Amino acid sequence: MRHGQKKIPSTILIFGAAAHIGGPLAHFLREEAPQIKLRLVTSNPANCDVLRREHPHAEVVIASYFDLASLEKAVDGMEGIFVLTRSGTNEADAMTNLVVLLKKARSAVHVIRLVGLQPEANRRRIPQSLREHGLGLPIQHPIAKEILDESGLPVTYLNIGATFMDNFYWMKDGLRKERKLIWPERLIPYIDPRDIAEVAGRLFLSSNHRHIGQFHTLNNGQDILRFSDVADLMTKVFQERIVHDGSRAGFFEAYRELGEIRLHYLWDFFQYEEQNEVVWARNDFVERTLGRMPVSLSEWLAEHRQALLFGI
17 MRHGQKKIPS
27 TILIFGAAAH
37 IGGPLAHFLR
47 EEAPQIKLRL
57 VTSNPANCDV
67 LRREHPHAEV
77 VIASYFDLAS
87 LEKAVDGMEG
97 IFVLTRSGTN
107 EADAMTNLVV
117 LLKKARSAVH
127 VIRLVGLQPE
137 ANRRRIPQSL
147 REHGLGLPIQ
157 HPIAKEILDE
167 SGLPVTYLNI
177 GATFMDNFYW
187 MKDGLRKERK
197 LIWPERLIPY
207 IDPRDIAEVA
217 GRLFLSSNHR
227 HIGQFHTLNN
237 GQDILRFSDV
247 ADLMTKVFQE
257 RIVHDGSRAG
267 FFEAYRELGE
277 IRLHYLWDFF
287 QYEEQNEVVW
297 ARNDFVERTL
307 GRMPVSLSEW
317 LAEHRQALLF
327 GI
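17 is the number of the first residue of the sequence shown in the working numbering; add one for each residue after it.
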């Protein structure tokens with residue numbers, strides 16, 4: 017390995033392996049670099065059998081950021097570590113535990129951490145209503161980044177400066193029953209989680225050391241749309257008229273099973289997001305990393321039309 021190059025990890029640990037980014041990442045690495053030993057982590061024992069069926073060449077382990085014994089076993093001998101957390105995670109404890117054990121293991125050559133932040137957002141501008149709710153993306157991810165920044169570990173941040181395209185599955189009931197896209201109006205870029213997985217995989221397999229310490233914001237470089245515009249795009253792609261309902265009443269009625277607390281938080285979050293929407297911009301980082309155009313929203317909608325409209 018020449019001076020200035022990053023070692024390509026021979027072992028990679030993937031947290032969230034049963035989800036929509038970790039799973040595709042494992043598949044990508046198996047296809048592109050079958051010599052790499054993969055260890056897939058889930059905190060839910062019910063996921064183990066499915067993971068073993070879908071990834072027969074990988075090791076599957078149960079571990080939690082909050083259980084030191086299981087976490088220590090999970091990171092042992094791992095050179096690449098893919099890290100993400102659920103919304104609401106206590107990042108102070110989770111990332112502190114991870115940092116301590118990675119330093120103890122002394123094997124990490126590349127840590128990739130997913131975050132979801134408005135670039136350079138000032139935490140002092142977060143509304144009190146969001147602070148009172150507790151941990152959520154605007155609060156928890158800056159905590160995680162601060163801990164990892166101070167750790168001295170070889171970290172690359174993948175900042176999802178977009179909404180996941182498969183989030184539209186949350187809205188499928190309104191699409192199926194009423195041909196309505198029921199969600200608060202928001203201006204946001206978009207990205208297919210499978211493209212995020214491939215970006216992470218290609219960075220693990222890259223010998224370019226310059227990605228260490230970087231904060232890369234990801235979107236598909238093509239789509240930055242309001243949800244009312246998405247409804248128009250759905251109409252074109254689906255060949256059926258889709259209308260947008262961004263009203264508070266419509267949102268609270270359609271998603272009442274989430275409960276009042278969660279609904280109020282989401283509504284307040286989208287109002288906060290609206291006040292900062294000018295921060296979003298398309299970029300070509302994903303395209304350059306993949307060596308191809310990322311999936312566009314229209315392509316994704318065409319692929320998932322049957323599932324969104326008919327549950328097929």
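Beta carbons: idealized from backbone N, C-alpha and C, even for Gly. All of these numbers come straight from a predicted model, not from anything done at the bench.
Considering Cα atoms alone, identify which of the options is closest to residue i.
i, options, result
"D189", "L325, E289, E136, R69", "L325"
"K196", "R202, M187, I204, L203", "M187"
"F267", "H280, R257, E256, Q255", "H280"
"I52", "E75, H43, F44, T27", "T27"
"S103", "I159, H232, R308", "I159"
"D211", "Q21, A42, G20", "A42"
"T179", "P170, T172, P200, D208", "D208"
"N60", "D83, L45, R46", "D83"
"F98", "H225, A108, L118", "L118"
"E293", "L153, T105, A137", "A137"
"S222", "K193, E48, L274", "E48"
"H232", "A318, Y271, L133", "L133"
"H71", "Y81, Y185, R55, A85", "R55"
"E315", "D182, S263, L306", "D182"
"P310", "G177, T58, S145, N235", "N235"
Let me know if residue i comes out buried or exposed under the rule of 16 or more other beta-carbons within 10 Å of its beta-carbon.
i, result
"P50", "exposed"
"E214", "buried"
"N175", "buried"
"I328", "exposed"
"L313", "buried"
"I30", "buried"
"D261", "buried"
"D239", "buried"
"V246", "buried"
"L87", "buried"
"A79", "buried"
"K22", "buried"
"K120", "exposed"
"I128", "buried"
"P135", "exposed"
"H73", "exposed"
Using the DSSP secondary-structure output, state which residues sit across from residue i in a beta bridge.
i, result
"H260", "L197"
"V302", "Beta-bridge pairing links V302 to no other residue."
"F180", "I207"
Along the alpha helix (DSSP H) that carries residue i, what are the first and last residues, could you check?
i, result
"H149", "144-149"
"V127", "Where V127 is concerned, there is no enclosing alpha helix (DSSP H), although the beta strand (DSSP E) it sits in stretches over 126-131."
"K120", "107-121"
"W316", "313-319"
Per DSSP, what kind of secondary structure is residue i in: helix, strand or coil?
i, result
"L100", "coil"
"F82", "coil"
"Y173", "strand"
"H73", "coil"
"V66", "helix"
"P158", "helix"
"I240", "strand"
"H363", "Within the shown structure, residues of the chain are numbered from 17 to 328, placing residue 363 beyond reach of any answer."
"H225", "helix"
"H232", "strand"
"Q255", "coil"
"G190", "helix"
"I28", "strand"
"P205", "strand"
"M17", "Unreliable placement is indicated for M17, whose pLDDT of 49 sits below 50; the coordinate value is still reported in the next sentence. M17 falls in the coil class under three-state DSSP."
"K53", "strand"
"H36", "coil"
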